[in-house]
Structure formats: structure tokens, C-alpha cells
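Numbering (UniProt numbering), first residue to last: 1 to 105. Data block below; observations after.
Here it is in C-alpha cells:
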């Protein structure tokens, strides 16, 4: 009876731990998504600023180029963040598949 209770407790604790880890992964994924969305909006703002700078006759060529460079950098950061999220998700999927394959053996 004690062994059965111990096994049930261990299984319950394992389930709770897995649920907690899954919740943490979901929260991290949501935080990563918000970060990417922020970076994408920042890139859009920078691109609009560069366009406005190009239309303004008061700015010199150096200021226009700086605004365009900033926009390109913001877009690059957003793209890198999105790609990093995809790679991380793929790595987690591969780990899950490997764990399932190992458990099936």
C-alpha cells in the first residue's frame, strides 16, 4: 500500500512539474512573441521616420542615411529574434520527439 501511495505521489509530482514547465514555456513563448512584435513595430516606426526624413528638405543626406540605417538595423533585429524563436521551438520539438522515441524503446 505504501509503495502504491509513493508511486501515485511521484506520478502526481511528475505531472505537476510537467504542467509547471509547460506553463513556463508558454509564458516564455508569449514574452518572446511580444518582444518580436515590439521589434517589428520599432522597425516600422524607423522606416516611417526614414521616409519622412527623405521627404524633408531640412535634413541633410547624412541624417537621412542615419535614419535609413537605423530602420534596417531595427528590421534585422526583429528578423533575428523571430528566427531565434523558431529555432528554439524546433529544438524543443526535436527534444520531445527524442524523449518519446527513447521512452518507446
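Beta carbons are placed, not taken as given, at the ideal position from N, Cα and C, and that holds for glycine.
Can you tell me which of 20, 67, 32 puts its alpha carbon nearest to the alpha carbon of residue 81? For the residues 20, 67, 32, the minimum Cα distance to residue 81 belongs to 32.
What number of angstroms, rounded off, separates the C-alpha of residue 75 from the C-alpha of residue 27? Inter-residue distance for residue 75 and residue 27 is about 24 Å (C-alpha atoms, whole angstroms).
Could you have a look at residue 1 and say whether DSSP puts it in helix, strand or coil? Residue state for residue 1 is assigned as coil, using DSSP reduced to three classes.
Kindly indicate the opening and closing residues of the alpha helix (DSSP H) around residue 60. Unbroken run through residue 60: none, as it is neither H nor E.
Taking the Cβ atom as the reference point for each residue, do residue 54 and residue 71 lie within a distance shorter than 8 Å? No. Outside cutoff.
Quick check: does the Cβ of residue 18 come within less than 7 Å of any heavy atom belonging to the ligand GDP? What this structure holds is no ligand at all, so the ligand GDP is not there to describe.
For residue 84 and residue 1, I'd like the C-alpha separation in whole angstroms. Cα to Cα, residue 84 sits roughly 49 Å from residue 1.
Count the other CB atoms, across all protein chains shown, that sit within 10 Å of the CB of residue 104; report buried if there are 16 or more and exposed otherwise. Exposed, because fewer than 16 other Cβ atoms sit within 10 Å of the Cβ of residue 104.
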